[in-house]
Each structure stands twice: as C-alpha cells, then as structure tokens.
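Those protein sequences? They're chains S and F, same order as listed.
The opening residue of the first sequence carries number 663 in the working numbering; numbering runs sequentially from there.
The opening residue of the second sequence carries number 1130 in the working numbering; numbering runs sequentially from there.
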Amino acid sequence: DGGITQSPKYLFRKEGQNVTLSCEQNLNHDAMYWYRQDPGQGLRLIYYSQIVNDFQKGDIAEGYSVSREKKESFPLTVTSAQKNPTAFYLCASKTGQGAYEQYFGPGTRLTVT
Amino acid sequence: QKEVEQNSGPLSVPEGAIASLNCTYSDRVSQSFFWYRQYSGKSPELIMSIYSNGDKEDGRFTAQLNKASQYVSLLIRDSQPSDSATYLCAVNRGYGGSQGNLIFGKGTKLSVKP
C-alpha cells in the first residue's frame, strides 16, 4: 500500500527535551511538508522540501529543524527553543512541479509538560 | 499576508439537506483550490480540487469557483451524519519558488443532524 506514515501517533516529553518526529512516504513524491495544527488556528507551515538535500523555512520555522537525506524521509525535530511545542503535527507530500494536491499522513500529537 | 477565510461555524444542517461551505481568498494569482475533510482527531483528507471557473461535481460533492470574486465553495448534497467534520479550504500560493505551497483556512465545522 502506498502512503505516508508518521510515528509515533502520540508523544509525551518533558520541557527542555528535543524530540524527533518521523515522516516516511512510499508514493515517490518529490515534495514534503511539515505543518502544525492548534485548535482554532488552522494548519501552519513549518518547513518544506521540494527535492532531496534541500529544504526551506515555512511561516513558523523558529524552534524546529529538519533534514531531507532521502526522498522517502523528512524527519522534524522539535527543539527546546520552541516555546509552545504542544500541538498536532502533520506531514504531507505531493508530486513534483505542476501538481499542487498534498496528501497527509495520520499525524503525531505531541504533548510537552 | 495572503489569507484564506472561512466561517468557523458550526454549520448545522438536517440529514438529507444541502450543506453549503464557503471560502474567500486574497491572492488574485492563485490557480489551484482544494477542499479537505478532517474528522475530529484525524488528519485532513483531500476530497475535491478545482482549477477553472465554474462547477466541478464528484458524487454528492460540488466545488464552485469564481476567480473574479475570489470565492470558492463546496456543496454537499443529501448530507449524511458521516459528513459531520471540519472542512478546510486550501489555495496555492501564486508566486515564486513557494508556488506549490498551500495556504489553509481555519476550517468550517459541519454538523449533520439525523
């Protein structure tokens, strides 16, 4: 089955700890995206990558980091510098240039206390 | 700041009725428009895309686009309780290297009452 997987589904961390969220896709999509969703806020773009070994900051990149070493994988690290890390994190992907439909993984719900 | 606006709802309709969801966008050069359905606690699921002015039908769903008015809507005919969800409108950013990126509205919560 082709699709996007995110793990874990739920993640609990103590304040001050870095945490890495996994996103893997086997759709052969070129572009991958990380969003954050808070109640009443809609989806906000954190980082995106259009090709391997390249990525760009989105609208709310502060306190986050990413890597794109393989086409299939786009992990997101939530660092201790992120002031309000508790949120629902969504990974998405799309094919290359000329297509705009994005498809989402199931999400990771991160709680930091 | 480019924006996508939606009425947050909740929009409540009886089972079997037509639900009408609306969205306006600010970027005149946007070319691609999407509707996503998001059930509570789940991730968004793409249900409709539209690129040209007019109507596009897919089963019980009809997307309508009016670029002159910068307005896109989603009609759900014969609404079912299983349609109860939050509906997100998304529009592509119409410029530069981020042209493939989407801007999302905050969503409209739809409740279909049996």
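Glycine residues also receive a C-beta, built at the ideal position from the N, C-alpha and C atoms.
A quick note: this is a predicted structure, and the numbers were derived from the prediction, not measured.
Closer than 9 Å to the CB of Q712/S there is at least one CB belonging to chain F. Residue burial annotation: Q764/S is buried, with at least 16 other C-beta atoms found within 10 angstroms of its C-beta. Any Cβ of chain S closer than 9 Å to the Cβ of F1190/F would place that residue at the interface, and such an atom is absent.
Under the three-state reduction of DSSP, P1143/F is assigned to strand. Contact between the segment 1212 to 1223 of chain F and the segment 1145 to 1161 of chain F is present: 3 or more CB-CB pairs across the two stretches fall below 8 Å. When DSSP states are grouped into helix, strand and coil, S1202/F belongs to the strand group. Contact of L707/S with chain F by beta-carbon distance below 7 Å involves N1230. Contacts with chain S at 9 Å (Cβ-Cβ) include E1174/F. In the displayed model, S1149/F falls within a strand according to three-state DSSP. Looking at the DSSP output, I713/S shares a beta bridge with D716/S. Contact check for L1231/F against Y726/S fails: the beta carbons are separated by 9 Å or more.
Interface with chain S (9 Å Cβ-Cβ cutoff): Y1165/F is included. Around the CB of T1237/F, 16 or more other CB atoms lie within 10 Å, so the residue is classed as buried. In the three-state scheme derived from DSSP, where H, G and I count as helix and E and B as strand, D1156/F is classed as coil.
A distance below 6 Å between beta-carbons, with the five flanking residues on each side excluded, links Y695/S to the following residues of its chain, in chain order: Y710 and A754.
Here A1197/F is exposed, its C-beta having fewer than 16 other C-beta atoms within 10 Å. The way I'd put it, the segment 1180 to 1197 of chain F doesn't touch the segment 1132 to 1142 of chain F; fewer than three beta-carbon pairs between them come closer than 8 Å.
Residues of the segment 757 to 773 of chain S with a Cβ closer than 9 Å to any Cβ of chain F, in chain order: G758, Q759, G760, A761, Y762, E763, Q764, Y765, F766, G767, P768, G769 and R771.
Taking the Cα positions, P747/S is about 16 Å away from P737/S. For D1212/F, the secondary structure class from DSSP, reduced to helix, strand or coil, is helix.
Within the segment 1175 to 1186 of chain F, the residues whose Cβ lies closer than 7 Å to any Cβ of chain S are, in chain order, L1175 and S1178.
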